[in-house]
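So that you can map any letter, position 104 of the sequence shown is 106 in the working numbering, and since no number is skipped, the others follow by simple counting. For every residue, glycine included, the Cβ atom is placed at its ideal position computed from N, Cα and C. None of the values given here were measured: they were computed from a predicted structure. Have a look at the structure below before the remarks.
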Amino acid sequence: MDSIHGISDAEHSRYLMCERKGVFELLMISAGMMGAYTYNLRGGVFCNAQTANVLLMSLAFGRGQWARGLYYLIPISAYIAGAFVSELLPNRVKKWGLLRWDTYLIGAEMVALFLIGFIPFSAPNQVVQVLINFICSMQYNTFRQAEGVPMATTFCTNHIRQIGISLEKLLRHRDRAALRRCLSHAAMVFCFLGGGTVLTAFCNLLGTKAIWLALLPLGADFCLLVHADLFQEHTLLRQKPLGH
Numbered sequence: 003m004d005s006i007h008g009i010s011d012a013e014h015s016r017y018l019m020c021e022r023k024g025v026f027e028l029l030m031i032s033a034g035m036m037g038a039y040t041y042n043l044r045g046g047v048f049c050n051a052q053t054a055n056v057l058l059m060s061l062a063f064g065r066g067q068w069a070r071g072l073y074y075l076i077p078i079s080a081y082i083a084g085a086f087v088s089e090l091l092p093n094r095v096k097k098w099g100l101l102r103w104d105t106y107l108i109g110a111e112m113v114a115l116f117l118i119g120f121i122p123f124s125a126p127n128q129v130v131q132v133l134i135n136f137i138c139s140m141q142y143n144t145f146r147q148a149e150g151v152p153m154a155t156t157f158c159t160n161h162i163r164q165i166g167i168s169l170e171k172l173l174r175h176r177d178r179a180a181l182r183r184c185l186s187h188a189a190m191v192f193c194f195l196g197g198g199t200v201l202t203a204f205c206n207l208l209g210t211k212a213i214w215l216a217l218l219p220l221g222a223d224f225c226l227l228v229h230a231d232l233f234q235e236h237t238l239l240r241q242k243p244l245g246h
């Protein structure tokens with residue numbers, strides 16, 4: 003049995019590497035770091051999701067600040083573009099027959115975050131915000147289910163909701179599966195929390211390059227995915243992950 007998630011090795015092996023919970027947890031650590039980076043160092047905004055931007059747009063319109071409200075179309079458009087690209091490219095990547103789209107995406111994220119570390123604070127914050135909006139959208143749209151359970155890898159709202167749902171089922175029905183789901187979603191929240199905490203602690207020391215800390219969990223995921231694509235799952239490159 004898997005000591006953390008309570009599933010058998012046979013059940014675990016049914017899923018592609020890009021669907022494993024450990025891969026998703028590492029993505030959540032990096033997402034927490036990206037959110038903390040943009041909030042602490044790049045304009046005091048969260049780029050992991052777009053609800054806040056839509057709300058800020060509505061507040062600006064309600065106050066008659068039309069130009070300010072229209073500004074939020076920039077990060078929202080970047081998020082839309084990220085989802086669009088992450089739908090467009092996977093089928094093209096399959097034809098290459100080397101790695102999965104999921105793997106290429108993590109590699110591209112690492113390159114983008116590495117380059118962001120060189121963008122000085124004198125540059126407009128919107129440059130970094132839009133880049134991270136784009137990255138988070140592609141990641142969110144690409145990694146959808148962890149071992150059959152719908153999971154978000156860039157924000158925590160649904161994970162917190164699922165913890166509440168799972169606790170109700172556990173307490174009322176003594177559902178052991180609900181306990182596993184509860185622990186899985188709680189792990190995702192704590193990974194996000196841990197990523198944000200670590201990056202915040204290093205902001206003053208590392209400055210613009212603090213975002214490079216996110217390369218550590220992403221790098222671990224990249225190694226796992228490359229190894230799986232080249233060896234363990236090379237005959238399964240055309241298999242779609244669940245949820246797609």
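Among His187, Met59, Gly166, Cys138, whose alpha-carbon lies nearest the alpha-carbon of Gly150? Comparing Cα positions, the closest option is His187.
So what does DSSP say about Ala148, is it helix, strand or coil? Assignment of Ala148 by DSSP, reduced to helix, strand and coil, places it in the strand class.
Taking 8 Å as the cut-off, does the segment 46-56 touch the segment 129-139 (at least 3 CB pairs, one atom from each stretch)? Judged by Cβ distances under 8 Å, the segment 129-139 makes contact with the segment 46-56, as three or more pairs qualify.
Who are the near neighbours of Ala85 in its chain, counting only those whose CB is closer than 7 Å to its CB and skipping five residues on each side? Cβ within range, chain order: Ser139, Asn143.
Out of Asp104, Glu170, Ala148, Met190, which has the shortest C-alpha to C-alpha gap to His161? That would be Met190, whose Cα lies nearest to the Cα of His161.
Tell whether a beta-carbon distance below 7 Å holds between Ser32 and Ala216. Yes, Cβ-Cβ distance for Ser32 and Ala216 is below 7 Å.
With DSSP as the reference, label Trp214 as helix, strand or coil. Looking at Trp214 - three-state DSSP - the assignment turns out to be helix.
Measuring alpha carbon to alpha carbon, tell me which of Asn42, Ile137, Arg102, Met30 ends up nearest Phe233. For Phe233, the closest of Asn42, Ile137, Arg102, Met30 by C-alpha to C-alpha distance is Arg102.
Mark Arg44 as exposed unless 16 or more other C-beta atoms lie within 10 angstroms of its C-beta, in which case mark it buried. Buried.
Just reading off the alpha helix (DSSP H) that Cys20 is part of, what are its end residues? Looking at the DSSP string, Cys20 is not in any alpha helix (DSSP H), and its letter there is neither H nor E.
Any chance the segment 211-230 sits against the segment 103-110, with 3 or more Cβ pairs inside 8 Å? Three or more Cβ pairs closer than 8 Å define a contact, and the segment 211-230 meets that threshold against the segment 103-110.
For Cys205 and Asn42, the rounded distance between their alpha carbons: So the alpha carbons of these two residues sit roughly 8 Å apart.
Considering only C-alpha positions, which residue in the set Arg182, Phe63, Thr40 is nearest to Gly209? The closest CA to that of Gly209, considering only Arg182, Phe63, Thr40, is found on Thr40.
Can you give the beta carbon distance from Leu239 to Gly66, rounded, assuming they're within the 8 Å contact cut? Not a contact, Cβ separation roughly 54 Å.
How many Å lie between Ser5 and Pro152 at the Cα? Because Ser5 sits at a pLDDT of 42, beneath the cut-off of 50, its placement in the model cannot be relied upon, and the point is left open.
Rounded to the nearest angstrom, what separates Gly8 and Tyr74 at their Cα positions? Model confidence at Gly8 stands at a pLDDT of 49, short of 50, so the residue's coordinates are unreliable and nothing is read from them.
Short of 6 Å in beta carbon distance, which residues of its chain neighbour Asn251, apart from the five on each side in sequence? Order them along the chain. Residue 251 cannot be examined here, being either before or after the span of the chain that is shown, 3 to 246.
According to the Cβ coordinates, are Phe194 and Met35 closer than 7 Å? Taking a C-beta distance under 7 Å as the contact criterion, Phe194 and Met35 do not qualify as a contact pair.
Would you list, in sequence order, the uninterrupted alpha helix (DSSP H) runs of no fewer than 4 residues that lie entirely inside the segment 152-235? Counting only runs of 4 or more residues that sit fully inside the segment 152-235, the alpha helix (DSSP H) segments are 159-175, 178-208, 217-229, in chain order.
So, helix, strand or coil for Trp74, using DSSP? It is worth fixing the name first, because residue 74 is Tyr in this sequence and not Trp. Looking at Tyr74 - three-state DSSP - the assignment turns out to be coil, as it is neither helix nor strand.
Straight-line CA distance for Ala212 to Leu173? Taking the straight line joining both Cα atoms gives about 42 Å.
Curious, which full-length alpha helix (DSSP H) runs of at least 4 residues does the segment 33-103 contain? 53-64, 68-73, 75-96, all fully within the segment 33-103.
Under 6 Å Cβ to Cβ from Cys158, same chain only, skipping five residues before and after it: list those, please. For Cys158, where only same-chain residues beyond five positions count, the Cβ hits under 6 Å are Val191, Phe194.
Helix, strand or coil at Met3 [DSSP, three-state]: With a pLDDT of only 40 at Met3, under the threshold of 50, the placement of this residue in the model should not be trusted; the figure read from the coordinates follows. Met3 carries a coil assignment under DSSP once its states are collapsed to helix, strand and coil.
Between Phe145 and Thr155, is the Cβ-Cβ spacing less than 7 Å? Yes, these two residues count as a Cβ contact at 7 Å.
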